[in-house]
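Numbering (our numbering), first residue to last: 7 to 311.
Take a look at the structure:
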């Protein structure tokens, strides 16, 4: 359980950043747990497994990809007829490997579908850092397409710098701007594409703060606004509540020595309504965000079990 606690702490403290990286770390933590467990029977193993699941859940409550990954692994163990600890642990380890392989394949497929939108001479606008967005842009470059990218710095922790470095290293011409310059540059873009931390039942998207404002500007400028994301970032809990929670992070990220009695707010995400989203680029192609529930039912029915 120590490996699980250590991973949970790293996720909580943002040593592990990004929805995808948090989910991968959590899956690998359960694998390590399976290797190290001292449980003597299935019942005691399940008690420990559910405890580990809860610790990892609580580390980042607003990341459905992490929750979905753990839900899948735990449900597979519970539904299994295996009784011997060695068989149960082997099942968990194999399923974890399979899940990570499928997750990687999903990102690759989404990136490939998205790269087909890019044509020579285009300018693409993006915000924050998404490994799937980067993969999409790099795939287009490797296919021989010549285009430009505009990316924001993404305050307060400057994830846009990660995007800029990745693209420059791959020879993609990139312009780096401050967040508040978005309106001045959006007219230069052919379309906008960002990642997602969560997708709701109604097709709304939770992503880095500033995404909703960018989508509204894109709408006003008549520029297509796309989300590229794996479908496993769908949050099934929004079927009942309708809205994914928004994480509030430490005000120190914004101002370390802020004046006393100053109320500093630091929301990590915002929610972009589906009406501003031109299309959701995922592993199954480009779909309407309003059709997300039907697509999830078709390809990931276990999310509701």
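Don't be surprised by glycine CBs; every beta carbon is placed ideally from N, CA and C. As the structure is a computational prediction, the values presented were derived from the model and not from experiment.
If you drop the 5 nearest sequence neighbours on each side, which residues of the same chain put their C-beta closer than 7 Å to that of residue i?
{"i": "residue 128", "result": "153, 196"}
{"i": "residue 302", "result": "237, 240, 309"}
{"i": "residue 149", "result": "121"}
{"i": "residue 176", "result": "144, 147"}
{"i": "residue 124", "result": "130, 146, 151, 153"}
{"i": "residue 167", "result": "159"}
{"i": "residue 185", "result": "158, 159, 160, 161, 216"}
{"i": "residue 299", "result": "207"}
Quick one: measure Cβ to Cβ for residue i and residue j, integer angstroms, because I've assumed they're closer than 8 Å.
{"i": "residue 25", "j": "residue 71", "result": "5 Å"}
{"i": "residue 142", "j": "residue 200", "result": "Their Cβ separation, rounded to whole angstroms, is 11 Å, which puts residue 142 and residue 200 out of contact at 8 Å."}
{"i": "residue 217", "j": "residue 158", "result": "So it is not a contact: roughly 10 Å between Cβ atoms."}
Anyone know if the C-beta pair for residue i and residue j falls short of 9 Å?
{"i": "residue 138", "j": "residue 275", "result": "no"}
{"i": "residue 83", "j": "residue 39", "result": "no"}
{"i": "residue 191", "j": "residue 155", "result": "no"}
{"i": "residue 183", "j": "residue 229", "result": "no"}
{"i": "residue 288", "j": "residue 119", "result": "yes"}
{"i": "residue 28", "j": "residue 88", "result": "no"}
{"i": "residue 144", "j": "residue 99", "result": "no"}
{"i": "residue 55", "j": "residue 255", "result": "no"}
{"i": "residue 284", "j": "residue 231", "result": "yes"}
{"i": "residue 213", "j": "residue 202", "result": "yes"}
Grab me the residues of residue i's own chain with a C-beta within less than 8 Å of its C-beta, minus the 5 sequence neighbours each way, in chain order.
{"i": "residue 31", "result": "13, 16, 17, 22"}
{"i": "residue 76", "result": "32, 33, 36, 59, 62, 63"}
{"i": "residue 126", "result": "151, 152, 153"}
{"i": "residue 189", "result": "223"}
{"i": "residue 291", "result": "119"}
{"i": "residue 252", "result": "68, 212, 273, 274, 275, 276, 277"}
Check whether the Cβ of residue i sits closer than 8 Å to any heavy atom of the ligand COA, and report yes or no.
{"i": "residue 268", "result": "The ligand COA is not part of the structure shown, which contains no ligands of any sort."}
From the DSSP secondary-structure annotation, give me the bridge partner or partners of residue i.
{"i": "residue 130", "result": "155, 197"}
{"i": "residue 310", "result": "None; residue 310 has no bridge partner."}
{"i": "residue 189", "result": "DSSP lists no partner for residue 189."}
{"i": "residue 254", "result": "273"}
{"i": "residue 285", "result": "232"}
Short of 6 Å in beta carbon distance, which residues of its chain neighbour residue i, apart from the five on each side in sequence? Order them along the chain.
{"i": "residue 114", "result": "none"}
{"i": "residue 204", "result": "70, 212, 239, 241, 250"}
{"i": "residue 135", "result": "165, 168, 169"}
{"i": "residue 86", "result": "97"}
{"i": "residue 194", "result": "129"}
For this session: Could you tell me whether the stretch 27-46 touches the stretch 94-110, where touching means 3 or more Cβ pairs closer than 8 Å?
Result: Contact between the stretch 27-46 and the stretch 94-110 is present, with at least three C-beta pairs closer than 8 Å.
Exercise. Given 8 Å as the limit, is there contact between the stretch 261-270 and the stretch 206-213, that is, 3 or more CB pairs closer than that?
Worked result: Touching, no, given that fewer than three Cβ pairs across the two stretches are closer than 8 Å.
Exercise. Quick check: the stretch 290-298 against the stretch 221-230, are there 3 or more CB pairs under 8 Å?
Worked result: The stretch 221-230 and the stretch 290-298 do not touch, with fewer than three beta-carbon pairs separated by less than 8 Å.
Exercise. Does the count of Cβ pairs from the stretch 101-109 and the stretch 170-181 closer than 8 Å reach three?
Worked result: Taking a contact to require three or more Cβ pairs closer than 8 Å, the stretch 101-109 and the stretch 170-181 do not qualify as touching.
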